[in-house]
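Numbering (UniProt numbering), first residue to last: 1 to 759.
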């Protein structure tokens, strides 16, 4: 009974739709929509499809809108007869109908083909995409449901393409029919609203079915990027980003998109904008899209504008909403360098302050890569093709025809680093660098300054981004970069040595590779080269001295460091010596005993200069010995004045002991009364000593008797001189010329107290 009543009621409503009165048709379609939403069983789908097709192709806006409103709940009933009451509440929200499609276990392919042929040709659903808001939304919703059923009918993208190529005259599958109508009638439409809504239709189908094939629409999507209408261009740009994002999109699909944009000569700004969002940000944006659109996403509501100041995820922008929270749209920040923590450690002022030498210019020559455009690679194979295409310009010598291509190749690799290709395809990128470095050495020594500087900038950027992953290539880089330290072109020399500094800072820098190269370069006759080498030595000791101490000692690097510092301390250039002094104190902090030994071999002037350059005064006082101040040299005038004063003092001085002795030798000796000529107690004659001194009588011999022998071997062995001295007299050695001698007068006889006896 229930089934008969449903059929009767449905047949009555279908007959009303055939009436000539538009209001009756609109009322009947509204009642049919309610019956479809309740899950009524349809036994005659052909008659119903024909009636709705006729109502859809009318010029009356009210009638077409009512027809479009009845189609979304009708399609699940027609195409999944076993769904029963599962679709009863399917249209409470727009996404519920999509979910019911996904839950249907089977699709009636015959009925689906009838529906596609009835509603998608010109004048049908696609044309209604250009109507007003309500009709437009219902038409797009119907197309999304229809596209989902066509996809679930069993024809995949690969089978579709193979069927077209091998059996072009065979029957089309529902998916092939859907693709053809959408491309020919939708994307090729002259109405910009239709083109815009076709793009959004693909986006909504892709959300409901992430595996829906979009390769067939690639050419149309790329054409829409250069559409004549601004709204279509902006919608296409955001839609392409969402369609080719997510885990369901392969690298090959992204590579095809990139090739297609290149093939159609899409403007570079548009390509960079798409690829930066598509390949620059690793995350997928499709997961941000929740429910279906609640209002028309087009120009009428102003949801898609040409002046967005912030990036809105496409799934939210296409749904007519803005993000509720702060969206993190920037690329993931890289990990800090292993040496970044050293910036927080306070350093002595003498080490932190820059020097007026070529070494201080290294930091100021860091390249600015703001003028380098990011390069985005879609797959590993695409990356290999990029590097393979760079080999041809590097063949032979540099000339007027190939130098520009060589420079573009260097800039393209810099763009890859800026586009973070090394993070997406790390293994392929590093494997391609081995051959590329050999090519880049030709541009490194280019006579064109810009080409050489670009190459050095590439090395600096690689060192900062790749870090220790660049270790297998540092040997060839150090060898060629250090040769440029003495170049007469100052910009090239600065940039090349800035590259060396970047490599020392960010790579592990094995001492067996770097230190012999630095010692060899230190022998250069150019002051500039020696200054750079000493600065590199200091930087290496600061960054790797403690960490690589064992490796330096076992590889013979310690001896190289010692002789390099010794040569630098004795260099003829002041800037080289100043850098060497700072490097010495870093060396001394690591190898203290070796530093003391090296210090001991320096002269006093070099030690004094080292003391001034020491960052720690207490350490300098502990290590360096205290040198006495040299006596001041007298001037010539002072020497002349001193000699004149001495002569004047001698002239005015009283007679000396020698004068008296000389006078007494020519006079008759005067003896005092009661004094014996000889006294065994006062004078003792010894054959071995020709001179005998005796004291006056009554004085102890132990304290007053002095025997002086002062080379009198020239005298006769038979000659003896006896000198008698009183206790108050001063006794001088024989032969000594006193400066002055004051003898006290004799109170007894006023006779001379000095007696000389000649025998």
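Backbone N, C-alpha and C fix where the C-beta goes; we use that ideal spot for every residue, glycine too.
| query | result |
| --- | --- |
| Given a cut-off of 8 Å on the beta-carbon distance, is the pair residue 583 and residue 526 in contact? | no |
| Where are the alpha helix (DSSP H) runs, 4 residues long or more, that stay fully inside the stretch 496-566, in chain order? | 511-522, 527-544, 549-554 |
| Relative to the C-alpha of residue 276, which residue among 192, 386, 373 is closest? | 373 |
| Classify residue 37 as helix, strand or coil using the three-state DSSP reduction. | helix |
| Whole angstroms is fine: what's the gap from residue 240's alpha carbon to residue 36's? | 35 Å |
| Assess contact between the stretch 599-609 and the stretch 637-655, defined as three or more Cβ pairs (one per stretch) separated by less than 8 Å. Is contact present? | no |
| Please classify residue 651 as buried or exposed, where buried requires at least 16 neighbouring CB atoms within 10 angstroms. | exposed |
| What number of angstroms, rounded off, separates the C-alpha of residue 221 from the C-alpha of residue 181? | 15 Å |
| Do residue 414 and residue 461 count as a contact pair if the criterion is CB distance below 8 Å? | yes |
| Verify whether the separation of the beta carbon atoms of residue 258 and residue 382 is less than 8 Å. | yes |
| Per DSSP, what kind of secondary structure is residue 130 in: helix, strand or coil? | coil |
| Apply the 10 Å Cβ neighbour rule to residue 106 and answer buried if 16 or more other Cβ atoms are within range, or exposed otherwise. | exposed |
| Let me know if residue 550 comes out buried or exposed under the rule of 16 or more other beta-carbons within 10 Å of its beta-carbon. | exposed |
| Identify whether residue 210 lies in helix, strand or coil by the three-state DSSP scheme. | coil |
| Name the residue from 504, 438, 176, 442 whose alpha carbon lies nearest to the alpha carbon of residue 148. | 176 |
| So what's residue 246 in DSSP terms, helix, strand or just coil? | coil |
| Applying the criterion that 16 or more other CB atoms from any shown protein chain within 10 Å of the CB defines a buried residue, is residue 8 buried or exposed? | exposed |
| Are there 16 or more other CB atoms within 10 angstroms of the CB of residue 588, so buried, or fewer, so exposed? | buried |
| Can you have a look at residue 267 and say buried or exposed, based on whether 16 or more other CB atoms are within 10 angstroms of its CB? | exposed |
| List the whole-angstrom C-beta distance separating residue 64 from residue 135, where the pair is believed to meet the contact cut-off of C-beta under 8 Å. | 6 Å |
| Specify, as a first and last residue, the run of the alpha helix (DSSP H) that residue 66 falls within. | 61-79 |
| So, helix, strand or coil for residue 474, using DSSP? | helix |
| Note the first and the last residue of the continuous alpha helix (DSSP H) segment covering residue 604. | 604-613 |
| Report buried or exposed for residue 124, applying the criterion of at least 16 other Cβ atoms within 10 angstroms of its Cβ. | buried |
| Residue 11 to residue 231, Cα distance in whole Å? | 44 Å |
| Who are the Cβ neighbours of residue 493 in its own chain at under 8 Å, not counting the five residues just before and after it? | 358, 484, 485, 486, 487, 528, 532 |
| So what does DSSP say about residue 403, is it helix, strand or coil? | helix |
| Output needed for residue 417: all residues of its chain with C-beta closer than 7 Å, excluding positions within five of it in sequence on either side, in chain order. | 461, 462, 465 |
| Could you spell out the range, first to last residue, of the alpha helix (DSSP H) harbouring residue 419? | Counting along the chain, residue 419 falls outside any alpha helix (DSSP H), and DSSP gives it neither H nor E. |
| On the premise that residue 52 lies in contact with residue 71, defined as a C-beta separation below 8 Å, what is that separation, rounded to the nearest angstrom? | 7 Å |
| Which word fits residue 557, buried or exposed, when buried means at least 16 other C-beta atoms lie within 10 angstroms of its C-beta? | buried |
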